[in-house]
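With the first letter of the sequence shown counted as 1, position 81 gets the number 92 in the working numbering; the numbers rise by one all the way through.
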Amino acid sequence: IPHMLKNSRGSIVNMSSVNGLVSEPFLSVYSASKGAIVMLTRGIALDYAKLGIRCNAICPGWVDTPINHAHAKMLGGLDHVYSTISSFQPIGRPGSSREIAHLVLFLASDESSFMTGSIVSADGGMTAQ
C-alpha cells in the first residue's frame with residue numbers, strides 16, 4: 012500500500028473462496044478465514060478509496076488445481092467429484108486457473124476502475140442456488 016499511496020493509485024486483488032460466502036459441513040474454520048478476507052477487502056476498499064487505491068476480492072468455486080485434486084481424494088476421488096460437479100456447481104464443470112487469472116487481470120486493470128469493495132463470485136453458479 013505505501014507504494015500505491017505514493018502514486019495515488021493502485022489495485023489490490025484478494026483471493027477468497029466461495030466458502031467465504033457460504034459454508035459447508037466441516038469447513039467452518041476454512042470458511043471463517045475466507046469470510047475474513049471478504050471483510051478485509053471491504054474495509055480496505057473504504058479506507059483507501061479516496062486515496063486512489065481500489066480493493067476487490069475473487070471467490071472461486073471448484074477450480075481444477077492441484078490443491079483441489081488433493082481435496083477431491085477426501086471426497087471420493089477426482090472422478091467422483093467431476094461426475095457429480097453439476098450437483099453443486101450448476102455450470103457442470105470445474106473452473107480453470109486461466110479463467111480466474113483473466114478475472115485477476117481485469118480487476119487489476121483500469122478497465123475495472125469503478126470497482127472497489129466488490130466481491131466477485133467466479134463459482135459456476137454455486138452461490139446463485
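Just so it is clear, CB atoms sit at the ideal spot from N, CA and C, and this is done for glycine as well. All values derive from a computational prediction rather than experimental measurement.
Residue i, buried or exposed, once every other Cβ within 10 Å from all chains shown has been counted against 16
i: Leu118; result: buried
i: Ile64; result: buried
i: Val92; result: buried
i: Thr52; result: buried
i: Ser132; result: buried
i: Ile12; result: exposed
i: Lys45; result: buried
Whole-angstrom C-beta distance between residue j and residue i, which should lie under 8 angstroms
i: Gly31; j: Ile48; result: 6 angstroms
i: Asn67; j: Val33; result: Rounded, the Cβ-Cβ distance is 19 angstroms, inconsistent with contact.
i: Val74; j: Pro105; result: 6 angstroms
i: Ser97; j: Gly88; result: Not confirmed; about 17 angstroms, so no contact.
i: Ile69; j: Ser27; result: 7 angstroms
i: Ser123; j: Leu62; result: With a Cβ gap of about 17 angstroms, Ser123 and Leu62 do not count as contacting.
Close-in-space but distant-in-sequence residues of the same chain around residue i (CB under 6 angstroms, 5 per side omitted)
i: Asp134; result: Val29 and Gly72
i: Leu57; result: none
i: Tyr59; result: none
Residue nearest to residue i in terms of C-alpha spacing, selected from the options
i: Thr127; options: Met50, Pro36 and Tyr93; result: Met50
i: Phe37; options: Ala112, Ile69 and Met85; result: Met85
i: Thr138; options: Glu35, Met26, Leu16 and Asn18; result: Glu35
i: Ile130; options: Leu114, Asp121 and Ser120; result: Leu114
i: Phe99; options: Gln140, Ser39 and Leu16; result: Gln140
Own chain partners of residue i with C-beta closer than 8 angstroms, once the 5 adjacent residues on each side are dropped
i: His4; result: Only positions 12 to 140 of the chain appear in the structure, and residue 4 is not among them; the question remains open.
i: Ser107; result: Val74 and Asp75
i: Thr90; result: Going by the sequence as given, residue 90 is Asp instead of Thr. Within the same chain, Asp90 has no close Cβ partners at all.
i: Tyr41; result: Ser28 and Asn30
Any chain B beta carbon closer than 8 angstroms to residue i
i: Glu110; result: Structure shown: chain B not included; a single protein chain is present.
Suppose only complete runs of 3+ residues qualify. What are the beta strand (DSSP E) ranges in the region 36-81, listed by chain order? The region 36-81 contains these whole beta strand (DSSP E) runs: 64-71.
List, from N- to C-terminal side, the beta strand (DSSP E) runs of 3 residues or more that fit wholly inside the region 98-136. Qualifying beta strand (DSSP E) stretches, in chain order: 130-133.
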